[in-house]
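The structure appears below as structure tokens.
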Amino acid sequence: MAGYLLKRLAGLIPLLFGITIITFIVIHLAPGAPGQVQLQMNPKVNREVIERLRKLYGLDKPLYVQYYEWVKRIVKLDFGLSMSQDRTPVIKKIAERLPVTVLLNSIVMLLVLLLALPIGIYSAYKRNSLTDRTITVAVFIGFATPSFWLALLLMIFFGIQLGILPISGITSLNFNQLTFWGKVLDVAKHLILPVISLSVGSLAYLSRYVRASMLEVLRQDYITTARAKGAGENRVIFVHALKNALLPVITILGLSLPGLIGGSVIIESIFAIPGMGRLFFNSVYMRDYTTVMGILVIGSFLTLLGNLLADISYALVDPRIREGLGER
Amino acid sequence: MRRIRSYTFFLFILLIFSWGCKKKNRIDEEYYRYLSDPNLPPAYGGEFVTASIGDASVLLPVLATDSASFDIISLVYNTLIRYDKNLNFKGELAKKWKVSKDGMVITFYLHKNVRWHDGVPFTADDVIFTYKLITDPETPTPYASQFNVIDHIEKVDDYTIRVYYKEPFAPALNSWAGLYIVPKHLLYGKKVTDPSLKLKRHPIGTGPYKFVEWRPGDRIVLEVNRDYFDGRPYISKYVYRIIPDQATIFLELKAGGLDEAGLTPVQFVRQSNFERFRRNFNKYKYLGFGYTYLGYNLLNPLFRDRRVRQAISYAINKKEIIDGVLMGQGIIATGPYRPGTWYYNPDVKKYPYNPQMALKLLHEAGWYDHDGDGILDKNGKPFRFTIMTNQGNNQRKLTAEIIQKRLREIGIDVKIRIVEWSTFINEFIDKKKFDAVILGWGLDPDPDQYDIWASTKTGPNQFNFISYKNPEVDRILDEARHTFDIEKRKKLYYRFQEILAEDQPYTFLYIPYSLVAVHKRVRGIKPAPAGISYNFIRWYIPRPLQGKRLVE
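Chains as they are written, first to last, in the numbering used here: chain A, 1 to 328; chain B, 1001 to 1552.
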């Protein structure tokens, strides 16, 4: 097991390098350069400043030198300075945006899990019944609803018609004057609508997944055996079947780890949430290379890590895989 | 069991609805009595909340390039002089100024009782430092070129400076109106490119508002500068919220979360046309500071003949574009200037929609439909070209579609191509790989447009990318930027507009109105040619209306 783990970890390094090289080249190949968006097509602007900025950002050096210097810093976990006029360290920019995004996405993930599991199990258990079909139609409608449209409807209904929930932002303007619990409540209120908008889509996905995997397990011989030996339905479903049906769900959870830090540009823009999605989108638009690369490196590292964790936890819960590894 | 559950669920829904209804029925009559009273006296205090689509990028004036940053900078910092409501110069940090007869020397007399927000007195040294900083080759500022025509600045005393120019430069005062003075005592000996420089994210100026906090991507908060030298502003707190979505801004306004919001034409004309909106908000509109045009690549043989360009101008129905794209909220542009300014020439050749005239001009230029396929041709080549514009600007895209339809009617086949901004500029505009483009220019109060129209500015990365070359225009623009005499200058620009109207290097399309809604509790707004925000420090919220912003 330990050998396997080491092997997998070692395998991550070349993969990570490959990803950084490709993304580095792609972002530099895109037309434009940092700072240009705001400087172009403004007759008051003298163009030498673009050259000056190129020098300041080190973009006048050959690409491989730039990459080498960037990698040299990144192995020391130094993400460098943002290529925007304020030259903020990239890590600070990410740190400003990360908490909101992680908070939002964790709540969404938790909520989706809490809802999808019972829905999936219930639909599988009562497959093809009227309830199952109703649920199927309902979650598919949710899946097909564009999240931005749902978001606007929710804002109009809860924000304007009822006037009970804030429309946008993550905190109220008097946030600094609130008590600790007041602050918690304030953020919670602001999060309700974005959480709903983000959850509805993924609910269908996960609940259908749980349903399918549960159905497959329920068809297995050992379930028939369990029933035959007289185990109660609850025991059959929740002890015998669920444990095995959850195996694929673990993989999905592992794979959604990077999703925790990657925000949704659309939802963040509509609700004016200062999250990672907007930071990434604006950085690409502004050709802020260092910030883009910083977010991508963290994202790809988490993706690879998520994969690894999924595999490990899979091995932990599934004796067949665990033993297969031990033999190697 | 199941019945009980669905019953509680039903009750829950009912509860939510009743809660909502209760809220809607309770109208604060006292508040609305005050809101409809126009005679409430000005009062200090209150919080003003506005919204912007983009976040500021840096709050140090010499580095900032985006409008959001300048929204904040203009409240925290001051310039020596500024434009008043009628777009005439007015003293700010300088109480008066004098331009020498030959235009070579400008003397500024500074206010003596001005202090920086940290208490240090403001003096002539700050002005000279700002000038040195902006012209320092090490400073990555885009605004140096306007100050490179200065020979040197002489400090007469702590409150008087004399600026010596290398040559008379008519837009000089305009350039001073755009130069925000930065504190020498906080920047001297420091590098503006240093990432640890605090002033970039925590500005300290002399302006009417002091910086409080900046939550990136969320909001910027300012508080009133009680000791402001030009009189204490009324409104105590200024909140600049960043809301990247125009629809959300409008919803937030209607929900009572904002005092002011810019509106799109649809929002202005249709979506704000109901009683509750009228009861709570005032709508303002004033002519914007920019115009949209169709520019031709004059290196392309298709557009070399002036008659062809004039024909296209006749074939485009500009009124239709304004009605369709701007819901009527704009005016037809006849040249590169804004009507109502001293240099605007109203009597230039105009191109009303006239397809017959367009065809006649095209026939004169040799374009006929010889093969009967509905497309004009000449020497066997059909009249086909592509209009390009940038992605993300729906108005330009719609404009292109309307033009496409009208030109097809007279036998010109137009394709439309929409490209992401950086790609558009780098790969197509800068390399001159385009037939025609729809773009816009911002309009400065000063009429100098040498960089856009002079034949010396057609090089790579320069702004005369359509390669317009007219020796008379070159001469006029050069002379006009060295002429201080306003009557002489006016004559030159009048002639310049006549030539442009005749030449039609662009088909000038429209100048949109700026559309704004402000909550009725905010008073003191006086619309003028400069817009509405020029006198923000004199806006006030009457005492009984401070503290809440109802929209019932």
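The C-beta atom is built at its ideal place from N, Cα and C for all residues, glycine as well.
Owing to the predicted nature of the structure, the values given are computational and were not obtained by experimental measurement.
Between the C-alpha atoms of S313(A) and I1053(B) there is a straight-line separation of about 44 Å. For R1279(B), the closest Cβ of chain A is not nearer than 8 Å.
Per DSSP, the beta-bridge partners of H1152(B) are Y1164(B).
Judged by DSSP secondary structure, W1097(B) falls within the beta strand (DSSP E) whose first and last residues are A1094 to V1099. For V45(A), the C-beta contacts it makes with chain B under 9 Å involve T1065, P1142, Y1143 and S1145, in order along the chain. DSSP places E1213(B) in the uninterrupted beta strand (DSSP E) bounded by Y1209 to R1215. Interface with chain B (8 Å Cβ-Cβ cutoff): M276(A) is excluded. If you check each beta-carbon in the region 63-89 of chain A against every beta-carbon of chain B, the ones closer than 8 Å belong to L81, S84, Q85, D86, R87, T88 and P89. With a contact defined as Cβ atoms closer than 8 Å, P1355(B) and A1315(B) qualify at about 6 Å. Counting only Cβ-Cβ distances below 7 Å, V49(A) has contacts in chain B at P1140, T1141 and P1142, in chain order. 8 Å or more divides the Cβ of G263(A) from the Cβ of N307(A). Contacts between I160(A) and chain B, judged by CB atoms closer than 8 Å, involve L1251, K1254 and A1255 in chain order.
Those residues of the region 1403-1434 of chain B placed with their C-beta closer than 7 Å to a C-beta in chain A are W1421, S1422, T1423, I1425, N1426 and E1427, ordered along the chain. A272(A) belongs to the set of residues whose beta carbon lies under 8 Å from a beta carbon in chain B. In this structure, A1056(B) sits away from I1106(B), with a CB-CB distance that is not shorter than 8 Å. With a threshold of 8 Å between beta carbons, G11(A) makes no contact with chain B. In this structure, the beta-carbon distance from I1541(B) to G1189(B) does not fall below 8 Å. Straight-line measurement puts the Cα of I141(A) at about 12 Å from the Cα of R133(A). The beta-carbon distance between L1093(B) and L1110(B), rounded to whole angstroms, is 6 Å. This is short enough to meet the 8 Å contact definition. Residue-level contact by beta carbon holds for D1218(B) and chain A, with a gap shorter than 8 Å. If you look at A1051(B), you'll find it in the beta strand (DSSP E) that goes E1047 to S1052.
The beta carbon of S168(A) falls within 8 Å of a beta carbon belonging to chain B, placing the residue at that interface. Per the DSSP secondary-structure output, S1514(B) pairs in a beta bridge with Y1286(B). Of all residues in the region 1487-1520 of chain B, none comes within less than 8 Å of chain A when Cβ atoms are compared. Out of T179(A), L185(A), A124(A) and N234(A), the CA that lies nearest to the CA of E216(A) is found in A124(A).
Boundaries of the beta strand (DSSP E) around A1436(B): A1436 to G1442. Against chain B, the CB of E233(A) has no partner CB under 8 Å away; the residue lies outside that interface. Only residues of its own chain outside the window of five on either side were considered, and among them L203, L206, S207 and V210 have a CB closer than 7 Å to the CB of A116(A), listed in chain order. G230(A) has a beta carbon lying at 8 Å or more from every beta carbon in chain B.
Per DSSP, reduced to three states, the secondary structure at D1413(B) is strand.
Collapsing the DSSP output to three states places H1117(B) in coil. For E1138(B), the secondary structure class from DSSP, reduced to helix, strand or coil, is coil. When the beta-carbon positions are compared, P1336(B) and W1441(B) come within less than 8 Å of each other.
The Cβ-Cβ distance between V1239(B) and R1219(B) falls below 8 Å. Cβ-Cβ distances below 6 Å link D1446(B) to P1171 and N1174 in the same chain, with the five nearest sequence neighbours on each side left out; the list follows chain order.
P319(A) counts as exposed, since fewer than 16 other C-beta atoms from the protein chains shown sit within 10 angstroms of its C-beta.
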